[in-house]
Amino acid sequence: MKGFRKSKLSVLVLAVMLVLAACSGNNAKETPSNSPASTDTSTEPAATNEGKPDNSKEAKLVGYVLGEAPKGMPEVLKSLNEKLKADINATLELNYIGWGDVASKYPLVLASGQDVDFVFAADWNFYISEANKGSFLPLDESMLKTFMPKYYAKQDPAAYKSAEVNGKQYMIPTTTPDRKVGVVVLRKDILDQVGLSNPTKISELEPYFAAIKKDFPDMTPLNLDSQYDLPAPFGALVQEKFSYAGAPIDSGDPSGVGVYTDQEDASGKIVTITDEPIQGSFKYAAETMKKWYDAGYVNKNPYSNKIRSKDNFCEGKSGVAFANSIDVQSMLASCQDKGIETYIMPVLSPTGHAPSNSWLNNGVALAANTKNADRTLQALDLIMQDESYVYLMYYGIEGKNYAITADDKLTLPEGVTSENNSYPADAAGFWFVDKDLFKPNADWTDSYVELNGKIKDYLLPATYLGFTFNSESVKSEIANLKNVSSQYFLPIAIGAVKDVNESFDTLVSKMNAAGIEKVKTEVETQASAFLASKG
Amino acid sequence: MSSLGVKSKKDSTPVYSTIAYAVVTIIALVCVLPFIVLLAGAFSSESSVLKDGYWFWPREFSLEAFQFIFRFPEDVLSAYRVSILITVIGTVVSLFISTMAAYVLCRKELRYRNALSFFLFFTTLFSGGLAPYYIWLSRYLHLSNTYYVLILGPMFNVMYILILRSFIKGSVPEPLIESGKIDGAGDLRIFLQLVIPLSKPALASIGVFTALAYWNDWWTAMMFTSKDQLIPLQYLLYKMLSAINLSAAMSEHVSSVNTPKETFKLAMTVIATGPIVVVFPFVQRYFVSGITIGAVKG
Amino acid sequence: MNTDVQKGDLTKALQKKKTWGLIKDISTNKVLYLMFAPIAIYFIIFSYIPMTGIVMAFQSYTVKGGLFSSPWVGLDNFQYFFNSGKAWIVTRNTIVYNVIFLGCYTFFSILAAVFISEIQKKWYKKLSQTLMFLPYFISWVTVSAFVYNFLNYEYGIVNKILENFHMEALDIYSNSGYWYLILPFMYVWKWVGYGSVLYLAAIVGIDQEIYEAATIDGANRFQKITKITLPLLKPTMVILLLLGLGRIMRGEFDMFYQLIGNNGLLMDATDIIDTLAFRSLMGTADFGMASSVGLYQSVLTLIIILTANWLVRKYDRDQALF
């Protein structure tokens, strides 16, 4: 019975965490620096031969990725193994860690010393903490050069730097980090009604909200859910004042508080909530949210609402939907089906930019006790960078799971629908492959294609792109800050406070008690080391 | 034997009857109304639930949630088979061994019976956490991907053993056991022929709880199995749910449009409730009619 | 047989020759110990051996070091909890809520069981009992969606009704006062069917001859309830209460987490140990920190349960847990 309880808890941890992580990917999350403090306990890398790899002995590789195996996996795997056998004399066994189980099972699979050669790795999925524990095999440039030539040729060396934890690289980051920005989706009909033609900032939307409040009794202007939406309007308001990452730099949690930096500040100053520009812009956002909350534009109980605005926007329950440029796609399609015209507003900094995503959002790592390091690397090189492998792993079997149209776009074969496709794109968990090899999809809506085209111009490498904070030495403080943020920051973020200044002071004093100064010092140390090494 | 229980009919007084009926009816109504709403929701279309919330009947009848669950019917059937198998085997074995232990724990001639109870109870207080348990079972006992782990993992619950102990203490009179001993019966025979028949109501209730624990256990399967043919029903549903909830966030493609989320949760509950509706009535006869010790004694 | 002798000498014997006593006890009661063996072996394998993992609460776990040679960090893993400034509040909340839950749950379970047993029509008995069991199957996630639908400020059913009567809408999710009622109500609602099954089994297990004898003596039904049923339910009640106390530091995490979530306004009133630990450790995979609070809960529970058991023993030895 007790085991039961625990498990439920961890499952929840994960569910919440993943939603946060998966959706907040657009907040540049960055990477480690060489913190000299803690000593590394990882095992030595498996012997690497110089020159041509020796593949004479057959190798059976075991990999773990996240999600559920698609129905058509056995067939794809069979075809993959034929190819791998021919190319590098290896076969692959693939295991899945379900979405609901990652928080409990992922660390255990690594800790138990089971037969594992590679695992999916990402900064939002325990990469830093597992690297600290010594769960991964350290990699070096010569290994990548020898065994992953295609990958090595394509990858930006800065990516290796960003994957370092305590001075060692443990992850093979994707060569194509996600390109996405946060977006706010609005209803065209109501915008026209209030005469807003091209809003670019969330603060301009007040008449839009007022019109919804007045004329659409079933719709709440900002119908926020407890996980993703809750800090979203606040973050968008702050973003109007300076280039805000959407989350503190120490935890990367959009609902959290901690220390911050202006993404476009080249000097990379680390600031706390009482410094400028944070204090001013936070208070501006808090005052605006309070005004909206008091006016009834925000649902009163977002903490208990589990339905994302993105899911009930098309049902006419929310006037605004918060999403990112990738996951908004399915929602746009379903609004189109219902005949609702939409307007997409990207969330950008005052200079019209958004920070680009870290390499570490998707990657793969080798388990510390793998016995087949070199063969695994070779297999990964093919899976990540070789076009025929990439299509096989990502889209399945041609003619069965995908087809290519006359104008060179991806589509589903005759008679296959998205419901009965046994190997849906994206679903197999190979998000770290080279996405530059993909062709556009035939079913993208026009507005989506337009948005997608613009994203490249929005993205700007932030000062700390490639920096991820290693919180090992301040983990108690980080834990306490998490706790403070839900009790004292979230009410401010939705505007449910009596007096903004007073609540702000309480928040600051609680953060001080939780040890924010210690965190700041640690972040500063790691950040300046990062900047120094970047040159 | 079962007809003896309702003897008290003769002396029924209308006032008590009315109060009893009223109280039971109110409690039952409070419990069943949300379930009716849930049932209605499970048979509604996703968009009507998102738009209008829950109601007592489906505002827009739809089977989409059930269709989604039964998309790959062979998976669901296999999961049913696994669940039924582990539930039946597990419950029978667990109940027998638990009752046997419970009987031992109330034998007064055992000097250390309290120490033994504490030995069991202590495990409910302290645990080494998930990591050692997982590593021990998977790496050293090699129980991953076996039926054994699905049956052994949730097999015993100390609470139930101690409850059984107190039931046996209460419903099997000491002199009866003594007289059995004088007649030359061994402990095992007393247990099989005297204790088990007299503990039927307790066995029925603990049996229901044990069976439910097996039926609802998705956790063991989640931790220790990765083979399709070992997936019990609840884990299958759980996997589907987490897949719809979270894959949408990772997906760059339209493939995940229009999967029912809210109604799926409700439909899942409806399916999970299956066993109570099917099995409970069979067990209930042990709750509704009393036991007369004389019947066994004679 | 010779129970009297044993009672008096038990403690002394325990202190004196423990091992010898146990061996002797086993050799005189071979069959009984053999009957207990399967359970003992199971719990040694599935509970006691993995229990050694408790040491992780004092370690900074590394894969290379494993359980036995990872670096020791003393009480570092406990820091986040005791420095949160809320350790006392959440401990108090956990105990208070669980005591209330346990009391309400016991009361309503007995009430339901006694009245079900009073009902004459068999089909009604069966039906009502089955219906009471249904909430057990509705997970807290689903319950929370219902509760939100029912109580939320904008379009919750309660506020819609109040609106019809021209009364002011209630902002239930911002006032902790309501939750002192709602939480116990939900708890009882979910578990009353489950609990009443046990009490009903106890009532049914009472020898019918006792009731028949009482009828002959002219007792009415109310007298039979108060004089026979309730006193005979006492052992079941005591054991279930003691077992309930064994879970007093844990509480219904899912309920609190799903119904209250991260609602800062309700937090001081509704935060329990498990929710605090959960919020703090979200997103970390630190085995040590995760097990430290569990150990704190275990130790407190051990103290509470030993005290309670000692009190029960003093009063009636037979009804104690051990």
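Residue numbers (numbering that gives the first Met the number 0), protein chains in the order written: chain A, 0 to 534; chain B, 0 to 297; chain C, 0 to 321. Backbone N, C-alpha and C fix where the C-beta goes; we use that ideal spot for every residue, glycine too.
Of all the CB atoms in chain B, is at least one closer than 8 Å to the CB of Glu314 of chain A? Yes, Glu314 of chain A lies at the interface with chain B (some Cβ there is under 8 Å from its Cβ).
Let me know if Thr174 of chain A comes out buried or exposed under the rule of 16 or more other beta-carbons within 10 Å of its beta-carbon. Flag for Thr174 of chain A reads buried.
Rounded to whole angstroms, how far is the Cβ of Leu130 of chain C from the Cβ of Ala27 of chain B, which I believe are closer than 8 Å? Contact between Leu130 of chain C and Ala27 of chain B holds: their C-beta atoms lie close to 4 Å from each other, under 8 Å.
Contact the segment 136-155 of chain A vs the segment 105-112 of chain A: 3+ CB pairs below 8 Å: Segment contact: the segment 136-155 of chain A against the segment 105-112 of chain A, fewer than three CB-CB distances shorter than 8 Å; contact not assigned.
For a contact meaning CB atoms closer than 7 Å, what does Asp100 of chain A contact in chain B? Against Asp100 of chain A, the close residues of chain B are Met221, in the order they occur along the chain (beta-carbon pairs closer than 7 Å).
Chain-order list of residues whose beta-carbon lies under 6 Å from that of Asn88 of chain A (same chain, five-residue window excluded): Answer for Asn88 of chain A: Asn54, Glu57, listed in chain order.
Measure from the C-beta of Phe20 of chain B to each C-beta in chain A and report whether the shortest distance is under 8 Å. Residue identity check: residue 20 of chain B is Tyr in the sequence provided, not Phe. The C-beta of Tyr20 of chain B comes no closer than 8 Å to any C-beta of chain A.
In three-state terms, what does DSSP make of Leu530 of chain A? Leu530 of chain A: helix per DSSP, three-state reduction.
Sorted by chain position, which residues of the same chain lie with C-beta nearer than 8 Å to Pro490 of chain A's C-beta, five sequence neighbours on each side aside? For Pro490 of chain A, where only same-chain residues beyond five positions count, the Cβ hits under 8 Å are Val496, Ser502.
Beta-carbon contacts of Leu190 of chain A that lie in its chain and below 8 Å, excluding the five residues immediately before and after: Cβ neighbours of Leu190 of chain A beyond the five flanking positions: Ser196, Pro198, Tyr207, Tyr342.
Skipping 5 residues on each side, what residues in its chain have a beta carbon closer than 7 Å to that of Lys5 of chain A? Only weak support exists for where Lys5 of chain A lies, its pLDDT of 39 falling under 50; the value from the coordinates is given anyway. Once the five neighbours on either side are set aside, Lys5 of chain A has no close Cβ partner at all.
For Ser93 of chain B, which of helix, strand or coil comes out of DSSP? Here Ser93 of chain B sits in helix by DSSP.
Does the contact criterion of 3 or more C-beta pairs under 8 Å hold for the segment 186-199 of chain C versus the segment 27-45 of chain B? Yes, the segment 186-199 of chain C touches the segment 27-45 of chain B.
Limits of the unbroken alpha helix (DSSP H) element including Ala378 of chain A: Annotation for Ala378 of chain A: the continuous alpha helix (DSSP H) segment containing it runs 372-384.
Counting only C-beta atoms, is Lys226 of chain C closer than 8 Å to chain B at any point? Chain B contact via Cβ: absent.
Alpha carbon of Ile271 of chain C to alpha carbon of Val89 of chain C, nearest angstrom: Between Ile271 of chain C and Val89 of chain C, the C-alpha separation is close to 5 Å.
Cross-strand partners of Asn94 of chain A (DSSP beta bridge): DSSP, once it has assigned bridges, lists A:Tyr63 as partnering Asn94 of chain A.
Against chain A: residues of the segment 46-64 of chain C by CB proximity under 8 Å: Considering only beta carbons, the part of the segment 46-64 of chain C lying closer than 8 Å to chain A consists of Tyr60, Thr61, Val62, Lys63, Gly64, in chain order.
Express the C-alpha separation of Pro423 of chain A and Gln384 of chain A in angstroms, rounding to a whole number. Taking the straight line joining both Cα atoms gives about 20 Å.
Listing by chain order, which chain B residues have their CB less than 8 Å from the CB of Glu117 of chain C? Simply Tyr15, Ser16, Ala19.
Is the segment 137-145 of chain C in contact with the segment 155-175 of chain C, if contact means three or more CB pairs nearer than 8 Å? Proximity of the segment 137-145 of chain C to the segment 155-175 of chain C falls short of the contact definition, fewer than three beta-carbon pairs being nearer than 8 Å.
Where does Leu436 of chain A sit, in a helix, a strand or coil, going by DSSP? Secondary structure of Leu436 of chain A (DSSP, three-state): helix.
Identify the continuous alpha helix (DSSP H) that holds Asn311 of chain A and give its terminal residues. Counting along the chain, the alpha helix (DSSP H) containing Asn311 of chain A begins and ends at 308-311.
Measure the CB-CB distance between Pro148 of chain A and Asp380 of chain A and report whether it falls below 8 Å. Their beta carbons are under 8 Å apart, which means Pro148 of chain A touches Asp380 of chain A by this criterion.
Pull up the DSSP beta-bridge partners for Phe135 of chain A, would you. Within the DSSP bridge table, the entry for Phe135 of chain A names A:Ala366 as partners.
Three-state secondary structure (DSSP) at Val72 of chain C? Secondary structure at Val72 of chain C: coil, using DSSP grouped into helix, strand and coil.
Do you know offhand how far Leu31 of chain C's Cα is from Leu175 of chain B's? Distance from the CA atom of Leu31 of chain C to the CA atom of Leu175 of chain B, rounded to whole angstroms, is 18 Å.
Which stretch, first to last residue, makes up the alpha helix (DSSP H) that contains Tyr342 of chain A? Taken as a continuous stretch (DSSP letters only), Tyr342 of chain A belongs to no alpha helix (DSSP H), being part of the beta strand (DSSP E) at 341-345.
Establish whether the CB of Gln233 of chain B and some CB of chain A are separated by less than 8 Å. Gln233 of chain B is outside the set of residues whose beta carbon lies under 8 Å from a beta carbon in chain A.
Classify Ile171 of chain A as helix, strand or coil using the three-state DSSP reduction. Strand at Ile171 of chain A.
What do you reckon, are the CB atoms on Ile88 of chain B and Ile150 of chain B nearer than 8 Å? Against a cut-off of 8 Å, the Cβ pair of Ile150 of chain B and Ile88 of chain B comes out as a contact.
Taking the beta strand (DSSP E) that Leu193 of chain B falls in, what are its first and last residues? Run containing Leu193 of chain B: none; DSSP gives neither H nor E here.
Could you tell me whether the segment 110-124 of chain A touches the segment 126-143 of chain B, using the rule of 3 or more Cβ pairs below 8 Å? Yes, the segment 110-124 of chain A is in contact with the segment 126-143 of chain B.
For Val187 of chain C, list the residues DSSP reports as bridge partners. According to DSSP, Val187 of chain C bridges with nothing at all.
Environment of Asn500 of chain A [buried if 16+ CB atoms lie within 10 Å]: The residue is exposed, with fewer than 16 neighbouring Cβ atoms inside 10 Å.
Measuring CB to CB, does Val567 of chain A end up less than 8 Å from Val297 of chain A? Outside the displayed span of chain A (0 to 534) sits residue 567 of chain A, for which this structure offers no information.
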